[in-house]
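Data first, discussion second: the structure below is written as structure tokens.
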Amino acid sequence: MYDLMLQGAAHVFQPWTLFAIFCGVTGGLVIGSIPGLTSTMAIALMVPLTYAMEIEFAIPLLMGVYCGAISGGLVGAILLNIPGTPASAGTCLDGYPMAAKGQATRALGLAVYSSMIGGVLSGLALVLIAPTLAKVALSFGPWEYFALVVFTFTCISAMSSKGRAVKAFMAAFIGLALALVGLDEASGQTRLTFGFTAFESGFYELPALIGLYAIPQLLADTDDIGRSATMIKINYKLREFMGTFREVMSRKRDLGRSTFLGIVIGILPGVGPGLSNIVAYSQAKRASSQPEKFGTGELPESVMSPEAANNASMGGALIPMLTLGIPGDASTLMMLGAFMLHGIDPGPLLFRDHGDIVWVVFIAFFVAFAFCTLVYHFFIPLTVKAISVPRQYVIPVLLILCTVGCYALNNRMFDVYCFLGFGLLGYFLHIARVPVLPVILGLILGPMAEEQLSLALAFGQGSVLPFVTRPISGTILLISILSLVLPPILGRRRRRKAVEPA
Amino acid sequence: MRTIDLIFSGVYLTVLLIAFTQIGDLREISAASFTSAKLFPQLVLGLGLVMGVIETLRTLFLPSPADEGIGFRQTLAMTFRPRRMLLLALFVIYLAAIKPLGFLIATGIFCFATIALLTPRVTPVSLVIAALVSVCTLALIYQLLVVYLQAFLP
Numbered sequence: 149m150y151d152l153m154l155q156g157a158a159h160v161f162q163p164w165t166l167f168a169i170f171c172g173v174t175g176g177l178v179i180g181s182i183p184g185l186t187s188t189m190a191i192a193l194m195v196p197l198t199y200a201m202e203i204e205f206a207i208p209l210l211m212g213v214y215c216g217a218i219s220g221g222l223v224g225a226i227l228l229n230i231p232g233t234p235a236s237a238g239t240c241l242d243g244y245p246m247a248a249k250g251q252a253t254r255a256l257g258l259a260v261y262s263s264m265i266g267g268v269l270s271g272l273a274l275v276l277i278a279p280t281l282a283k284v285a286l287s288f289g290p291w292e293y294f295a296l297v298v299f300t301f302t303c304i305s306a307m308s309s310k311g312r313a314v315k316a317f318m319a320a321f322i323g324l325a326l327a328l329v330g331l332d333e334a335s336g337q338t339r340l341t342f343g344f345t346a347f348e349s350g351f352y353e354l355p356a357l358i359g360l361y362a363i364p365q366l367l368a369d370t371d372d373i374g375r376s377a378t379m380i381k382i383n384y385k386l387r388e389f390m391g392t393f394r395e396v397m398s399r400k401r402d403l404g405r406s407t408f409l410g411i412v413i414g415i416l417p418g419v420g421p422g423l424s425n426i427v428a429y430s431q432a433k434r435a436s437s438q439p440e441k442f443g444t445g446e447l448p449e450s451v452m453s454p455e456a457a458n459n460a461s462m463g464g465a466l467i468p469m470l471t472l473g474i475p476g477d478a479s480t481l482m483m484l485g486a487f488m489l490h491g492i493d494p495g496p497l498l499f500r501d502h503g504d505i506v507w508v509v510f511i512a513f514f515v516a517f518a519f520c521t522l523v524y525h526f527f528i529p530l531t532v533k534a535i536s537v538p539r540q541y542v543i544p545v546l547l548i549l550c551t552v553g554c555y556a557l558n559n560r561m562f563d564v565y566c567f568l569g570f571g572l573l574g575y576f577l578h579i580a581r582v583p584v585l586p587v588i589l590g591l592i593l594g595p596m597a598e599e600q601l602s603l604a605l606a607f608g609q610g611s612v613l614p615f616v617t618r619p620i621s622g623t624i625l626l627i628s629i630l631s632l633v634l635p636p637i638l639g640r641r642r643r644r645k646a647v648e649p650a
Numbered sequence: 125m126r127t128i129d130l131i132f133s134g135v136y137l138t139v140l141l142i143a144f145t146q147i148g149d150l151r152e153i154s155a156a157s158f159t160s161a162k163l164f165p166q167l168v169l170g171l172g173l174v175m176g177v178i179e180t181l182r183t184l185f186l187p188s189p190a191d192e193g194i195g196f197r198q199t200l201a202m203t204f205r206p207r208r209m210l211l212l213a214l215f216v217i218y219l220a221a222i223k224p225l226g227f228l229i230a231t232g233i234f235c236f237a238t239i240a241l242l243t244p245r246v247t248p249v250s251l252v253i254a255a256l257v258s259v260c261t262l263a264l265i266y267q268l269l270v271v272y273l274q275a276f277l278p
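Protein sequence lines, in the order shown, are assigned to chains A and B.
Converting from the first sequence to the working numbering requires adding 148 to each position, the first position being numbered 1.
Converting from the second sequence to the working numbering requires adding 124 to each position, the first position being numbered 1.
See below:
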């Protein structure tokens with residue numbers, strides 16, 4: 149293990165790799181701080197451009213973008229009351245009121261330091277949990293993997309807002325159906341190509357991912373052109389900013405709880421920083437001795453909790469992605485795409501066959517957070533400027549970069565047309581309020597589900613019983629069913645209790 | 125949202141139904157095999173159709189969630205907002221123009237035209253900025269992709 153760690157460290161601590169992480173962090177911070185441009189978009193832009201790079205160089209760069217973009221959301225949340233990314237939605241609630249009281253530097257300091265601590269602690273969880281889980285996952289058979297895919301989809305629908313669970317399932321089936329398109333390797337027959345030879349190779353994941361995320365988002369972003377949000381002016385002083393570190397460290401219990409919540413939510417497939425920051429905020433309010441002061445921008449824990457949680461989710465989300473090949477959230481889904489682009493399939497075998505790459509991920513994660521902290525100390529004014537860049541300059545540049553990125557994958561225009569086609573599909577789903585993440589998960593996990601189901605049936609001589617009789621797959625399927633059945637039952641009971649007179 | 129939900133369910137069910145009928149034409153791998161070429165696709169499309177039917181019934185017979193009180197006309201107006209459609213149209217034209225015009229020329233024109241047309245008030249300064257952004261974007265792409273990464277441009 150130490151050999152692999154040293155190999156990983158040797159890859160990361162190269163001057164150009166460190167520079168790449170630094171650039172990734174800075175670029176991620178800038179993109180993440182612009183409201184409407186998410187971390188997923190930042191990684192989506194970068195992944196195709198890493199095609200020509202060595203994986204030891206590309207992964208650290210993407211880790212930098214990932215960490216920077218998630219952290220970047222806090223600037224918009226605090227100074228504009230608009231979260232740069234959904235991961236910072238909870239930060240608006242108290243960060244903006246605190247900044248409005250003339251304490252913008254304090255709010256930013258609390259958010260930055262708690263983000264970094266949450267991120268680093270989740271990195272430690274990643275290093276400790278991932279190898280152990282990978283060892284356990286080595287004993288998984290096709291039944292367990294299929295059960296995990298089922299669990300992933302049930303998890304997404306269970307986490308959907310009220311009345312949207314069926315839509316989330318429909319979205320997953322759209323993704324699974326799209327994954328069927330092309331040549332079926334087992335039978336040698338083409339499926340759902342409708343006579344188009346271009347479809348025979350199926351849809352390449354990355355143009356689909358980028359199209360589904362980027363085009364609807366950029367189209368919706370045009371609504372913000374010409375709108376000027378009132379940004380709180382900040383008189384940035386480094387000493388005042390650094391002074392908040394002590395305040396953060398004096399709230400260890402809040403930090404610990406939010407980080408723990410962030411990691412656990414991050415591990416759950418399909419949900420990540422977007423949910424964890426809201427949950428951490430509500431838990432901090434519940435645990436507080438002054439819950440009435442939440443929303444007023446007086447309490448430091450109300451800013452710290454969502455930020456610690458959203459960054460903690462990053463390490464958590466990487467755990468299932470690296471060990472099982474199942475992404476924890478949309479951004480890790482893009483990271484999964486990056487691994488696949490470089491010919492590496494994440495899963496337990498990654499730890500056995502490419503241990504050095506795993507350590508590159510671990511070490512780059514910590515280095516990215518270190519750079520992120522450093523960049524925040526000295527470039528807060530830059531990120532403040534990034535927020536106010538007029539959207540009409542950003543949108544065409546991002547569309548061009550997406551187009552170039554999609555073309556560069558295979559040097560064929562078909563991928564660019566797929567990017568547009570998936571973008572239009574994403575826009576239709578956006579209008580119909582159907583979540584996009586299940587579509588992408590279906591597209592990526594579909595081939596895995598089909599392969600594992602075929603293997604399971606072949607090994608079980610056509611019997612489906614092992615799915616429930618094998619302890620791990622049976623347990624996973626049971627949890628899947630419970631995650632579907634329990635939330636509506638509990639919700640109904642809670643509503644009935646609320647209606648009953650005291 | 126009710127009408128939009130019904131339109132979505134209708135499109136979804138139609139597409140999945142067409143796919144389901146297409147999958148029925150597949151040949152089996154072999155009679156002795158435990159696995160079937162049709163099993164997974166039919167499972168996916170069949171369950172997908174069931175979900176579509178459930179959602180359609182839910183939309184028809186259950187009240188919409190409170191946060192979805194947006195009317196059909198509002199949704200349509202939002203979908204076809206002029207700026208969104210303008211950007212989409214420009215992007216489609218850009219993709220179509222890449223082959224005849226060449227990537228660099230098409231990209232330069234697209235970038236400049238999009239910035240100029242999306243800017244709320246066109247002034248000489250905004251046009252100069254649009255030109256500068258276009259040139260810088262082209263330079264960045266060329267430098268990064270062609271010189272550094274040695275990738276091919278469309």
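Ideal Cβ positions, reconstructed from N, Cα and C, are used throughout, including at glycine.
Nearest-angstrom Cα separation, counted from residue j out to residue i
| i | j | result |
| --- | --- | --- |
| I322(A) | G473(A) | 20 Å |
| E204(A) | A157(A) | 10 Å |
| L258(A) | P448(A) | 7 Å |
| I492(A) | H502(A) | 9 Å |
| M452(A) | G350(A) | 45 Å |
| R394(A) | G404(A) | 15 Å |
| L177(A) | I415(A) | 24 Å |
| F234(B) | A275(B) | 21 Å |
| L242(B) | I194(B) | 27 Å |
| L256(B) | D372(A) | 22 Å |
| A604(A) | G271(A) | 34 Å |
| M561(A) | Y555(A) | 6 Å |
| E292(A) | I588(A) | 21 Å |
| V552(A) | L264(B) | 12 Å |
| G422(A) | A486(A) | 21 Å |
| Y199(A) | V249(B) | 37 Å |
| Q365(A) | D129(B) | 20 Å |
| L154(A) | Q162(A) | 13 Å |
| L367(A) | R401(A) | 42 Å |
| P290(A) | G175(A) | 40 Å |
| L466(A) | L225(B) | 43 Å |
| G172(A) | F517(A) | 11 Å |
| T138(B) | L547(A) | 31 Å |
| R642(A) | R208(B) | 42 Å |
| N558(A) | I229(B) | 22 Å |
| L591(A) | S479(A) | 15 Å |
| V412(A) | L210(B) | 43 Å |
8 Å Cβ shell around residue i - same chain, five flanking residues per side excluded
| i | result |
| --- | --- |
| F299(A) | P417, I624, L625, I627, S628 and S631 |
| L655(A) | Since the first and last residues shown for chain A are 149 and 650, residue 655(A) lies out of range. |
| R618(A) | G289, W291 and E292 |
In DSSP terms, what residue i is bridged to
| i | result |
| --- | --- |
| T261(B) | According to DSSP, T261(B) bridges with nothing at all. |
| T338(A) | L331(A) |
Beta-carbon proximity list for residue i, same chain, < 6 Å, skipping 5 on both sides
| i | result |
| --- | --- |
| V582(A) | K315 and A319 |
| G236(A) | Note that residue 236(A) is Ser in the sequence shown here, rather than Gly. Result list for S236(A): G221, L222 and A225, in chain order. |
| L152(A) | G503, D504 and W507 |
| S450(A) | D242 and F442 |
Contacts around residue i, its chain only, beta-carbon distance under 7 Å, and the 5 residues preceding and following it disregarded
| i | result |
| --- | --- |
| S262(A) | V396, L403, M452, E455 and A456 |
| G180(A) | S187, A190, G216, A217, I218, S219, G220, G221, G232 and T233 |
| G608(A) | P614 |
| L251(B) | A240 |
| Y524(A) | V260 |
| A327(A) | G590, L591, G594 and P595 |
| A534(A) | V178, S181 and I182 |
Compile a chain-ordered list of the residues in the stretch 325-356 of chain A whose CB is closer than 8 Å to at least one CB of chain B. Listed in sequence order: A325, L328, D332, A334, S335, Q337, R339, L340 and F342.
Going along the chain, which residues of the stretch 550-568 of chain A sit with their C-beta nearer than 8 Å to a C-beta in chain B? Within the stretch 550-568 of chain A, the qualifying residues are T551, V552, Y555, A556, N559, M561, V564, Y565 and L568.
With contact counted as at least three CB pairs below 8 Å, one residue from each stretch, are the stretch 507-516 of chain A and the stretch 270-284 of chain A in contact? Touching, yes, given that three or more Cβ pairs across the two stretches are closer than 8 Å.
Do the stretch 170-183 of chain B and the stretch 200-217 of chain B meet, that is, are 3 or more Cβ pairs less than 8 Å apart? Flag = no, the stretch 170-183 of chain B and the stretch 200-217 of chain B do not touch.
Can you pull out the residues from the stretch 164-182 of chain B whose beta carbon lies closer than 7 Å to at least one beta carbon of chain A? Across the stretch 164-182 of chain B, CB contacts with chain A closer than 7 Å involve F164, P165, V168, L169, L171, G172, M175, G176, I178, E179 and R182, in sequence order along the chain.
With three or more beta-carbon pairs closer than 8 Å as the criterion, would you say the stretch 381-394 of chain A touches the stretch 590-598 of chain A? Contact between the stretch 381-394 of chain A and the stretch 590-598 of chain A is absent, because fewer than three Cβ pairs lie under 8 Å.
Which of the residues in the stretch 184-218 of chain A, read from start to end, lie with their CB under 8 Å from any CB of chain B? Within the stretch 184-218 of chain A, the residues whose Cβ lies closer than 8 Å to some Cβ of chain B are L197, Y199, A200 and M201, listed in chain order.
Which residues, in chain order, does the stretch 257-268 of chain B contribute to contact with chain A at a C-beta distance below 8 Å? Answer set for the stretch 257-268 of chain B: V257, T261, I265 and L268.
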